[in-house]
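S.K.: Got a structure for you, questions after.
Numbering (this note's numbering), first residue to last: 2 to 223.
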């Protein structure tokens with residue numbers, strides 16, 4: 002048989018000579034020590050696991066922030082497409098398109114009203130003459146004013162094209178903005194009733210009168 006090491010024999014012999022209370026204390030210390038070692042291993046393992054979880058969460062947060070920043074960049078790009086910039090001479094964006102339409106409409110209205118006023122004055126002046134007839138020179142001038150009115154009315158072709166382009170851009174912008182918002186969890190639903198109300202909303206006669214009244218005031222007339 003293999004003999005146990007001498008140090009173990011010495012320890013066992015020494016322990017046998019200790020009082021029972023002392024041996025119980027040593028046994029309790031050995032038990033606590035083994036439990037502490039197990040706890041130490043568990044804590045070390047949990048620290049490693051938590052470190053890995055924190056690292057993974059940090060990477061996910063970084064990716065989320067990057068994604069949100071990208072989404073907001075897309076939204077800002079879309080908003081820029083409907084902002085006002087430039088002078089309206091080029092199709093910079095939808096806002097400029099619509100602003101240019103308003104300017105062209107106002108200019109055409111001023112030309113039409115100016116020509117109509119000249120025609121009215123010429124006819125009134127001729128009627129106050131001796132014979133009450135309209136001279137050939139006045140008729141020629143009136144004819145030129147009428148031609149200017151027709152030329153001014155041609156603005157509708159250009160403004161119609163620009164309005165169609167603006168509407169096309171706005172529809173595209175609406176789709177892009179909706180997609181960008183969906184990606185960050187914002188869902189906006191527009192009811193069919195709202196679309197119908199917008200589609201059937203037309204300018205009243207009061208709106209048209211206000212346009213011409215503003216044109217008259219712009220020319221310094223009451």
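Even for Gly, the Cβ is constructed at its ideal location relative to N, Cα and C.
Please go through the same chain and pick out, in chain order, the residues whose beta-carbon is closer than 6 Å to the beta-carbon of residue 49, but skip the five residues on each side of it.
M.R.: Contacts found: none.
S.K.: Which of the three DSSP states is assigned to residue 155 in this structure?
M.R.: It is coil, neither helix nor strand.
S.K.: Measure the Cβ-Cβ separation of residue 76 and residue 181 and say whether it is below 7 Å.
M.R.: Against a cut-off of 7 Å, the Cβ pair of residue 181 and residue 76 comes out as a contact.
S.K.: Looking only at C-alpha atoms, which of 71, 115, 163 sits nearest to residue 103?
M.R.: Checked all of 71, 115, 163; the closest Cα to residue 103 is 163.
S.K.: Using the C-alpha atoms, what's the distance from residue 57 back to residue 31?
M.R.: So the two alpha carbons sit approximately 39 Å from each other.
S.K.: For residue 32, does the three-state DSSP call read helix, strand or coil?
M.R.: DSSP places residue 32 in helix when its eight states are reduced to three.
S.K.: What residue from 71, 143, 154, 37 has the CA that sits closest to residue 109's CA?
M.R.: The residue with the shortest Cα to Cα distance from residue 109 is 154.
S.K.: Three-state secondary structure (DSSP) at residue 120?
M.R.: Helix.
S.K.: Enumerate in chain order the residues of its own chain whose CB-to-CB distance from residue 149 is below 6 Å, with the five nearest sequence positions on each side excluded.
M.R.: Hits under 6 Å: 116.
S.K.: Can you check whether the CB of residue 135 is closer than 7 Å to the CB of residue 127?
M.R.: Contact: yes.
S.K.: Where does residue 203 sit, in a helix, a strand or coil, going by DSSP?
M.R.: With a pLDDT of 49 at residue 203, under the threshold of 50, the predicted position of this residue should be treated as unreliable, though the coordinate-derived value follows. Three-state DSSP puts residue 203 in coil, outside helix and strand.
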